[in-house]
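In what follows, a structure is listed as structure tokens, so that the remarks can point back to it.
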Amino acid sequence: MIDDLRALAIFAELSRQGSFRATAERLGLSPSVVSYHLSQLEKRLGTALLYRSTRKISLTAEGRQLQQHALAMLEAAQQGLEALDTDRDKVGGVLRITLPTALARAPVSAGLARFHRRYPGIEMHLSYTDQRQDLLADGIDLAIRAGSLPDSSLKAKRIGQIDRKLVCSPALIEAFGAVQKPELLSHWPWIRLAMMPPRRTLIGPDGSRHELSFDASIVVDSVEALAELCWQGAGLATPSTHLIESSLASGELIEPLPQWRIEPIALHAVWPANAGPHSNSRRLLEFLAQQPEILSC
1 MIDDLRALAI FAELSRQGSF RATAERLGLS PSVVSYHLSQ LEKRLGTALL
51 YRSTRKISLT AEGRQLQQHA LAMLEAAQQG LEALDTDRDK VGGVLRITLP
101 TALARAPVSA GLARFHRRYP GIEMHLSYTD QRQDLLADGI DLAIRAGSLP
151 DSSLKAKRIG QIDRKLVCSP ALIEAFGAVQ KPELLSHWPW IRLAMMPPRR
201 TLIGPDGSRH ELSFDASIVV DSVEALAELC WQGAGLATPS THLIESSLAS
251 GELIEPLPQW RIEPIALHAV WPANAGPHSN SRRLLEFLAQ QPEILSC
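What follows is the structure in structure tokens.
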């Protein structure tokens, strides 16, 4: 079918130009390629479409009949391309995005709201979930994913990070005592987000790194629950910084090792490889890149 359409397009142009050389120049092909496609089309149809002479060509009766349909096909294709060019200025359609629940109250969500104000014609479908969905099978245009990415045929670009802090309630410090070294925290009660592994990388004031493994006594599937249980004194946790800034300022939560910081989680945008440069997903990526402050969560 694809070969037939290509041959029809060449035939339509040949019928307009009236010569193999002019058609070849118009299409950026060699005259021999034009002749080959015409021969294949005539073979496919079992009839001659042109009368050839040394100086000019003329259509047979069958050629004139086919010309009408071939030209209509080209016209329809051209109208479709022009419609897309025109619609780029109007910007509409649907944009389906999936992103982790940890970002529901993060600055990136404010960025998505700004994008919608900038392009109100785009209907945005946002799925906040910690389940990694199949972009191609589920018809998703763009995913924002936290952490490392598996190898795949999808396009990916690092766009930011999730900053975290190691925190607990004052009551937990009273119960277990102050500590000076990260390894002493491995036996404290921990609250872990189900999607995250039971280990954390801590970075000291001198840049040294310490891998801390632990057994969580509570595992949750919600960042809101993680922060709430930490406030209630159920254990240590490493929630997103934006969720607990006010609690740190008020003293509801404290950092048992204030000189140490938790390694941030990388944020990546992931999208199908065939997304065009004028697609809504690429438009969103360009918009977010102009606002780096919303991508540090």
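Oh and the sequence shown: position 24 is 24 in UniProt numbering, straight run, nothing missing. Cβ coordinates follow ideal geometry from the N, Cα and C atoms, glycine included.
Quick check: what's the CA-CA separation for S58 versus N274?
For the purposes of this step, residue 58 is taken as the residue at position 58 of the sequence shown. For the purposes of this step, residue 274 is taken as the residue at position 274 of the sequence shown. Each residue's Cα considered, the two are about 42 Å apart.
Starting from the C-beta of G147, find all residues in its chain whose C-beta is less than 7 Å away, skip the five residues before and the five after it, and write them out in chain order.
Here the question's residue 147 lines up with position 147 in the sequence shown. Excluding its 5 nearest sequence neighbours in each direction, G147 has C-beta neighbours in its own chain below 7 Å: I265 and A266, listed in chain order.
Delimiting residues of the alpha helix (DSSP H) encompassing residue 308:
Any property of residue 308 remains undetermined from this structure, which presents the chain solely from 1 to 297.
Length of the line joining the Cα atoms of R64 and L49:
The residue labelled residue 64 in the question sits at position 64 within the sequence shown. The residue labelled residue 49 in the question sits at position 49 within the sequence shown. Cα to Cα, the separation comes out at about 8 Å.
In this structure, how does DSSP classify G93 when only helix, strand and coil are distinguished?
Mapped onto the sequence shown, residue 93 falls at position 93. The answer is strand: DSSP assigns G93 an E or B state.
Pull up the CB-CB distance for G235 and W271, whole angstroms please, since I reckon it's below 8 Å.
Position 235 of the sequence shown holds residue 235. Position 271 of the sequence shown holds residue 271. At roughly 37 Å, the Cβ-Cβ gap does not stay under 8 Å, so G235 and W271 are not in contact.
Reduced DSSP category for S35 - H, G, I as helix; E, B as strand; rest coil:
Here residue 35 refers to the residue found at position 35 when the sequence shown is read from its first residue. In this structure, S35 counts as helix in the three-state DSSP scheme.
Drop a sphere of 10 angstroms on the beta-carbon of G160, count the other beta-carbons inside from all chains shown, and report buried for 16 or more, exposed for fewer.
Translated into positions along the sequence shown, residue 160 becomes position 160. Taking all protein chains shown into account, G160 has 16 or more neighbouring C-beta atoms within 10 Å of its C-beta and is therefore buried.
Going by C-alpha to C-alpha distance, which of T98, A7 and Y51 sits closest to R44?
Position 44 of the sequence shown, counted from the start, is the residue given in the question as residue 44. Residue A7 is the option with its Cα nearest to R44.
Just to confirm my understanding: we take G18, look at its own chain, exclude 5 residues before and 5 after, and list those with CB closer than 7 Å. What are they?
Here residue 18 corresponds to residue number 18 of the sequence shown, with the count starting at 1. If we look at G18 and ignore the five residues flanking it on each side, its Cβ neighbours are K56 and I57.
Using alpha carbons as the reference points, say which of Q291, A289 and L284 lies closest to H116.
To locate residue 116, count along the sequence shown from 1; it is residue 116. Between H116 and the set Q291, A289 and L284, the nearest pair of CA atoms involves L284.
For the structure I just gave you, are there three or more beta carbon pairs, one from the region 125-133 and one from the region 95-107, closer than 8 Å?
The answer is yes - the region 95-107 touches the region 125-133, with three or more Cβ pairs under 8 Å.
Would P182 be called buried (16 or more neighbouring beta carbons within 10 Å of its own) or exposed?
As a working note, residue 182 is residue 182 in the sequence shown. The residue in question, P182, is buried, as its Cβ has 16 or more Cβ neighbours within 10 Å.
Ends of the beta strand (DSSP E) at S58?
The residue given as residue 58 occupies position 58 in the sequence shown. Per DSSP, S58 is one residue of the beta strand (DSSP E) stretching across I57 to L59.
CA nearest to the CA of P150, picked from H268, A22 and P31
The count along the sequence shown starts at 1 and reaches residue 150 at position 150. Between P150 and the set H268, A22 and P31, the nearest pair of CA atoms involves H268.
Alpha carbon to alpha carbon, how far is R261 from G207?
Stepping through the sequence shown from its first residue, residue 261 is reached at position 261. Stepping through the sequence shown from its first residue, residue 207 is reached at position 207. Straight-line Cα distance between these residues: approximately 10 Å.
Going straight from the alpha carbon of Q259 to that of F176, what length do you get?
Translated into positions along the sequence shown, residue 259 becomes position 259. Translated into positions along the sequence shown, residue 176 becomes position 176. Using only the alpha carbons, I get a separation of about 19 Å.
Taking one C-beta from the region 164-179 and one from the region 238-258 each time, how about it: are there three or more such pairs within less than 8 Å?
Touching, per the Cβ criterion.
Go ahead and pull the three-state DSSP assignment for T101.
On the sequence shown, position 101 is the one that residue 101 refers to. Correct three-state label for T101: helix.
Can you tell me the Cα-Cα spacing of P239 and K157, whole angstroms?
For the purposes of this step, residue 239 is taken as the residue at position 239 of the sequence shown. For the purposes of this step, residue 157 is taken as the residue at position 157 of the sequence shown. If you take the alpha carbons of P239 and K157, they lie about 24 Å apart.
Every unbroken beta strand (DSSP E) inside the region 207-234 [3 residues or more]
Fully enclosed beta strand (DSSP E) runs of 3 or longer: 209-213 and 218-220.
Got a sec? Which residues, its chain only, sit under 8 Å from L27 by beta carbon, not counting five neighbours each side?
For the purposes of this step, residue 27 is taken as residue 27 along the sequence shown, with counting starting at 1. Leaving aside the five residues that flank L27 on each side, the residues in its chain whose CB is nearer than 8 Å to its CB run, in chain order, I10, E13 and V34.
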